[in-house]
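In what follows, a single structure is set out as structure tokens and then discussed.
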Amino acid sequence: MKTQKASAVTDKSLFYWVINGNVGLQLLMLVLIVVVVAARVVPLEMQKRIINESIALRQFDNLINYSLIYISSVALSSGLKLAINYLQTIVGERAMLAMRRELYRHILTLPLSFFRKTQPGMVVSSLVTELSTAGTFAGMAITAPLTNVLTLLSFAGYLLWLNPMLALATLTIYPVIVFLLPWLQKKTNRANSSRVDLSRELSSQIAESITGIQEVQVHGAYPRENSKFGRIADVLQTVRVRWSFLKFSMKTANNFFVSLGPFVVFLFGGYLIMQGELELGAMVAFLSAQEKLYDPWKELIDYYQVYQDARVRYYRTMDQFSVEPDFDPEEVTDQNDKLNGRIEVKDLLFETSEGVRLLQGVNFLLEPGMHLAVVGFSGSGKSTLVQCIARMHRYTGGSITIDDQELETLTKKEIVANIGYISQNPFVFTGTIRENLIYAEQAMHEIGRPVGKDQLYLEPKLDRLIFALQQAGLFVDVMRFGLESSLKQDDSEMIAKIIRIREKFRENFGRRLASYVEFYQQDHFLYYSTIADNILFGSSVDRQLSIDNLTEHRDFFSFLEYAGLLKTLLELGVEQARQTIDILAGFDDVDMFYSFSPVPAGGLEECKNLLERLKRTGNRLEGLLGPDQVYLLKLALGFIPGVHKTASLTSELEAGILAGRAAWVRWCDEHYPGRFNHYQESEYIYGQTILNNIFFGRIRTSLGHAQEKINQAIIQLLIEEDILEEIAGIGMEFQVGSMGDRLSGGQRQKLAIARVLLKQPRIVIMDEATSALDNKSQARIQRLVETRWKGKRTVISVVHRLDAIRNYDRVAVMKAGKIIEFGGYGQLMEKKGVLYELVSGKR
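5 is the number of the first residue of the sequence shown in our numbering; add one for each residue after it.
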């Protein structure tokens with residue numbers, strides 16, 4: 005049986021969130037409000053008695069008692085008001101959290117067509133900004149008006165009790181305010197509604213321009229985008245000015261009418277005192293009450309403004325997302341989720357909301373385990389077809405059945421459990437490789453579970469994760485991520501294994517890989533390391549003393565002078581600057597030739613200016629200022645003799661650097677004890693990668709086959725030492741960056757494939773899923789489809805390379821939303837129809 009679908013969050017009124025889950029807190033606040041209102045009236049009475057009974061009659065005891073009662077009631081009122089404000093905050097935050105959660109859950113279920121028309125910035129703004137006002141209102145929705153209305157009534161009653169005539173005279177002001185201010189508020193609300201709408205339109209325009217920034221810059225469309233932005237911004241400015249004027253008008257009118265109260269008391273109350281009809285203490289109480297009447301009245305006006313603003317924002321937000329969801333994520337059935345994978349499409353029709361027909365009359369049948377390649381002309385409806393089968397769109401006519409069950413009748417849980425979809429541009433979420441890898445399987449476990457009902461998700465074992473990565477061709481990348489990670493000092497067992505692998509690597513592969521790797525040796529100069537690495541021959545434990553920061557320390561200058569290297573290195577820096585200017589002048593900053601110089605791209609002008617300053621000193625290095633010396637020293641320390649071609653390394657300098665290496669060990673023991681690790685074959689180098697620790701050296705070349713040979717050797721040793729899976733596990737913790745921006749396009753696509761492989765669906769839909777892969781990786785995925793999936797999984801693949809469709813069971817050729825040819829590859833080629841034309845390029 006299917007569960008009953010819950011009412012949409014967009015149908016709920018603003019006041020639903022005020023009560024929902026907050027009844028207990030609201031009742032508690034009502035009790036506190038009654039006490040607060042009573043405590044607010046007491047000081048008025050005490051003021052009257054202090055003047056009339058204590059001061060006038062000179063009764064000091066009464067003065068003390070009345071004053072204590074006065075301050076106690078004020079303290080009680082203030083304390084309870086603080087408690088009410090705190091409870092209001094809790095209610096408001098609860099309501100806002102509930103709104104955001106339910107609306108976000110609703111948004112995630114909306115049709116994809118909705119998101120094609122809606123900018124991400126608008127969704128973010130609605131959830132984060134627009135609902136915050138509604139949350140604030142929910143906290144004060146009951147307590148604020150009740151507190152202030154009761155306060156006004158209590159004060160009015162007390163004033164009538166003191167003197168009905170004066171009370172009526174002062175209270176006649178407020179009916180005018182009651183009619184005038186709401187009239188101004190309506191105008192303010194209309195201006196506010198326009199402001200909110202225009203702000204959203206402006207946000208959407210900004211989001212669209214930034215999202216399409218590549219097209220804007222490629223086509224130089226800056227004036228066009230500025231014009232679109234400016235039109236909306238100009239109108240928004242006008243509306244905001246009017247809205248602000250109306251808001252200030254309300255405040256000004258309110259302040260004026262509130263100030264009329266004391267005027268009436270002074271004028272009419274003074275007359276009554278002169279006539280002996282009013283006591284002085286009563287007039288003081290009247291003045292105090294008039295002053296205090298301002299606060300609840302002002303808070304009521306503020307409340308009304310907050311309510312109107314919250315109402316406008318809330319209902320505009322809910323209207324924006326008032327779209328029928330594509331599915332109910334909690335809907336489940338009693339039947340088994342697993343399907344066999346028989347797919348039948350009959351007279352399939354799909355039209356957009358604008359009435360454009362993208363699919364019309366599509367028919368075909370696939371038995372379980374059959375593979376279908378979908379090919380055709382651009383815009384023929386290939387992607388739309390597979391997305392309809394994956395239930396990403398609601399088709400508008402015909403039928404799609406899986407195991408004789410209409411696709412529309414299947415729950416989302418049944419669909420995601422049986423269908424795996426891999427797109428041409430897969431999305432990778434911010435997080436780790438592991439989190440992205442298990443994303444689909446974990447989601448399959450959680451969907452259909454009632455909200456708030458947590459069930460333990462047992463993550464797949466490491467060997468299953470590795471197998472999925474291997475099938476998708478991402479395992480080597482993950483291993484590289486693992487090898488380029490660092491170990492912590494408390495991982496002693498792993499560190500011991502790495503040291504053993506280092507010894508075996510040098511012993512087994514040292515000679516074979518000598519042309520690719522320059523191994524660290526205490527008494528040898530390293531031609532593929534920087535001059536700084538050659539001197540330090542180690543790594544810093546303290547980040548402040550890293551190679552990049554050492555040149556900022558005067559102590560390091562002192563060491564270089566002590567080792568007799570400072571002048572030589574400064575001269576080397578000058579040579580680097582001169583040679584770089586001579587060789588690279590005229591080249592673009594991003595030109596590849598900059599890789600042959602330690603001068604950074606864009607640093608040519610700085611080198612020219614520095615050499616000019618040096619010339620003015622008569623080429624005396626000691627005449628340069630400190631920053632110039634630091635810059636030259638950085639050039640020299642960044643020099644890699646085996647890579648950079650802008651200077652030559654003399655045997656004297658080489659010998660001096662090796663001598664400086666030994667001197668640095670002694671210097672560190674004296675000046676930086678415990679803050680540097682010096683390279684030793686028997687010890688792990690903290691701060692360096694696992695890979696660097698294993699081969700204990702530097703790679704001589706960036707050639708791909710060199711890295712491949714090194715990786716093969718290391719993987720062999722990792723297998724022998726039985727830590728391959730551990731390194732892979734470390735690699736899976738690699739942070740992919742914001743939306744996967746630390747991964748290449750091919751890596752993202754491999755990860756998406758591995759994500760679906762791990763889920764093991766019965767039906768796999770691939771929408772040009774290998775388009776970003778190189779030929780070797782594409783061939784790997786094709787072999788996987790043709791061997792491991794043949795007869796086991798039903799596959800529908802939109803194929804962009806026609807040489808890959810030979811071994812598919814069926815080929816569907818599409819044009820203008822229709823299948824114009826359908827059958828086996830050989831059969832269609834023999835017909836010499838459209839497929840033959842596409843493959844051979846002949847008519």
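Quick reminder that beta carbons are idealized off the backbone N, C-alpha and C, glycines included.
Asked                                                                                                                                                             : Found
Rounded to whole angstroms, what's the CA-CA distance from residue 301 to residue 152? Just pull it up for me.                                                    : 7 Å
Cβ atoms of residue 206 and residue 814: under 8 Å apart, would you say?                                                                                          : no
Going straight from the alpha carbon of residue 246 to that of residue 122, what length do you get?                                                               : 29 Å
Taking the straight line between their C-alpha atoms, what separation do you get for residue 2 and residue 194?                                                   : Because the chain here runs from 5 to 847, residue 2 falls outside it and cannot be looked at.
Whose C-beta lies closer than 8 Å to the C-beta of residue 197 among residues of the same chain, with five residues either side of it excluded?                   : 316 and 320
Curious, which full-length alpha helix (DSSP H) runs of at least 4 residues does the region 41-103 contain?                                                       : none
List the residues that DSSP assigns as beta-bridge partners of residue 378.                                                                                       : 802 and 816
When you compare each of 184, 86, 465 and 344 to residue 409 by their alpha carbons, which one comes out closest?                                                 : 344
Which whole-angstrom value is the C-beta distance of residue 843 and residue 380, which I expect to be below 8 Å?                                                 : Contact flag wrong, Cβ pair sits at about 12 Å.
Going by CA-CA distance only, name the one from 157, 511 and 738 that's closest to residue 490.                                                                   : 738
Can you name, in chain order, every residue of its own chain whose Cβ lies under 7 Å from the Cβ of residue 55, other than the five neighbours on each side?      : 284, 285 and 288
Any chance you could list the alpha helix (DSSP H) runs of at least 4 consecutive residues sitting entirely within the region 180-248, in chain order?            : 217-223
With 16 other CB atoms within 10 Å as the buried threshold, where does residue 445 fall?                                                                          : buried
Measuring CB to CB, does residue 584 end up less than 8 Å from residue 608?                                                                                       : yes
What residue range is occupied by the uninterrupted alpha helix (DSSP H) comprising residue 559?                                                                  : 558-566
Per DSSP, what kind of secondary structure is residue 542 in: helix, strand or coil?                                                                              : strand
Report back the beta-carbon spacing between residue 159 and residue 293 to the nearest angstrom; my notes put them in contact at under 8 Å.                       : 5 Å
Could you tell me how far apart the beta carbons of residue 353 and residue 399 are, in whole angstroms, since I believe they sit closer than 8 Å?                : 6 Å
Expressed to the nearest angstrom, what Euclidean distance is found between the alpha-carbon atoms of residue 396 and residue 110?                                : 16 Å
As a quick exercise: from 469, 199 and 723, pick the residue whose alpha carbon is nearest that of residue 505.                                                   : 723
So residue 824 and residue 838 are in contact, right, with Cβ under 8 Å, and what is the actual spacing, rounded?                                                 : 6 Å
Would you call the CB atoms of residue 535 and residue 765 closer than 8 Å?                                                                                       : no
Apart from the five residues just before and just after residue 456, which ones in its own chain have a Cβ nearer than 7 Å to its Cβ?                             : Model confidence at residue 456 stands at a pLDDT of 49, short of 50, so the residue's coordinates are unreliable; what they give is reported in the following sentence. There are no such residues.
In whole angstroms, what separates the C-alpha of residue 325 from that of residue 355?                                                                           : 21 Å
Per DSSP, which one or two residues make a beta bridge with residue 425?                                                                                          : 769
Alpha carbon to alpha carbon, how far is residue 835 from residue 211?                                                                                            : 50 Å
Taking its Cβ as the centre, do 16 or more other Cβ atoms sit within 10 Å of residue 533, making it buried, or is it exposed?                                     : buried
Who are the near neighbours of residue 529 in its chain, counting only those whose CB is closer than 7 Å to its CB and skipping five residues on each side?       : 538, 658, 661 and 662
From 630, 436, 769 and 112, pick the residue whose C-alpha is nearest to that of residue 558; which is it?                                                        : 630
Report all residues from its chain with a CB closer than 7 Å to the CB of residue 368; omit the five preceding and five following residues, and keep chain order. : 349, 816, 823 and 826
Considering just the uninterrupted stretch of the alpha helix (DSSP H) at residue 639, what are its terminal residues?                                            : 630-641
Can you name, in chain order, every residue of its own chain whose Cβ lies under 6 Å from the Cβ of residue 776, other than the five neighbours on each side?     : 749, 750 and 753
So who's on the other strand from residue 682, going by DSSP bridges?                                                                                             : 542
When the Cα atoms are used, what is the spatial distance from residue 431 to residue 497?                                                                         : 37 Å
Does DSSP classify residue 594 as helix, strand or coil?                                                                                                          : Confidence at residue 594 is low in this model, with a pLDDT of 49, below 50, so the placement of that residue should be treated as unreliable; the coordinate-derived value is given next. Note: residue 594 maps to coil in three-state DSSP.
Classify residue 580 as helix, strand or coil using the three-state DSSP reduction.                                                                               : helix
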